[in-house]
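Under my numbering, read the sequence shown as residues 1455 to 1695, first letter to last.
See structure below.
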Amino acid sequence: MKVAQKIETQIKTLKEGTTFKYQQLSIELNEYSAAAKAMERLIEKGTIKRVSTGIFFKPKQSIFGALKPNEEELLKPYLFQSNKRIAYITGLSLYNRMGLTTQVPRTIKIASRDKRITVSLGNIKGNPVKSYVDVTDKNFVLLEILDALKDFKKIPDLDKSAGIKIISNQLKSLSLKEIKQLMDCALSYPPRVRAFLGALLEKMDLTIELKTLKKSLNPLSEYNYGIDKKTLPTLTNWNMK
């Protein structure tokens, strides 16, 4: 099969609004020159559009014409390497999506363990932050929860009672296996995060052992989150206040 045919066949399988790179098209190194020409022809036909150098999207059609992909979709190619997730969006963008704040940041934070990811796509700007553990498709949602606990005190216009309900509901949606994985990841986070997580999990009264989290904390340390005991009755068990 010719390179152009191979590319068109693969693009047909993509959903409208999807962003992608050359690497996702299973192109051999010796095929890149032919692939670049094939991609230019597809751009001219309007089958695909260029987001930036080496990044494209399959436009979604509407009565008003081709729609641009949303912000998260545009950033997606930067979050993966060789089809494996290596990063995730954190900070105010994440907390806004979680419903913890109404504020929208000018610059998006992109967390990765080993790679510094900087993005500049028109009005979308992304700056790198270091994740506490290696990021995968199986754990990035768990890391989002832990980041929210880490930054809980400094999330702007946060209603703490509502915030705890939102995060508690996310915890309740996890399986016991995922919660155990969450606790393992938490061991790499600051002590205040482990204490907060322990208090939330204890309040849920799960059939899961919390000793590992408890033993990881200094019994003389206190963690001041400014949370009312009525909102989180278990907080004193974890030296929170």
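Glycine residues also receive a C-beta, built at the ideal position from the N, C-alpha and C atoms.
CA-CA distance, E1527 to A1649, rounds to 34 Å.
T1688 sits close to E1656, with the two beta carbons spaced by under 8 Å. DSSP places F1511 in the strand class (E or B) of the three-state scheme. Measuring C-alpha to C-alpha distances from R1495 to each of G1580, F1606 and I1461 identifies I1461 as the nearest. If you look at F1474, you'll find it in the beta strand (DSSP E) that goes T1473 to K1475.
Here the alpha carbon of I1540 sits roughly 31 Å from the alpha carbon of A1616.
By the Cβ-count criterion, Y1643 is buried, with 16 or more other Cβ atoms from all chains shown falling within 10 Å of its own Cβ.
For K1491, the secondary structure class from DSSP, reduced to helix, strand or coil, is helix.
Around F1534, the same chain offers I1540 as residues with beta carbons nearer than 7 Å, after the five sequence neighbours per side are excluded.
For S1566, the three-state secondary structure derived from DSSP is strand.
Taking C-beta atoms under 8 Å as the contact rule, I1509 and K1538 fail to qualify, at a distance of about 17 Å. Cβ-Cβ distances below 6 Å link P1523 to G1471, T1473 and F1511 in the same chain, with the five nearest sequence neighbours on each side left out; the list follows chain order. Per DSSP, the beta-bridge partners of S1574 are K1579. Scanning its chain for C-beta atoms nearer than 8 Å, with the 5 sequence neighbours on each side dropped, one finds around K1579 the residues R1560, T1561, I1562 and V1573, in chain order.
Restricting attention to D1659, A1653 and L1641, the CA atom closest to the CA of S1670 is found in L1641.
The three-state reading of DSSP puts I1599 in helix, counting H, G and I together. Between N1693 and the set G1680, I1681, Q1478 and P1673, the nearest pair of CA atoms involves P1673. Here DSSP, grouped into helix, strand and coil, assigns R1551 to helix. Between the region 1600-1614 and the region 1674-1682, the count of C-beta pairs closer than 8 Å reaches three or more; the two stretches touch. Here I1620 is not near L1548, since their CB atoms are 8 Å or more apart. Distances from the alpha-carbon of D1605 to those of N1484, N1581, K1665 and N1678 put N1678 closest. Rounded to whole angstroms, N1691 and K1569 show a C-alpha spacing of 38 Å.
One alpha carbon belongs to L1636, the other to G1545, and they sit about 19 Å apart.
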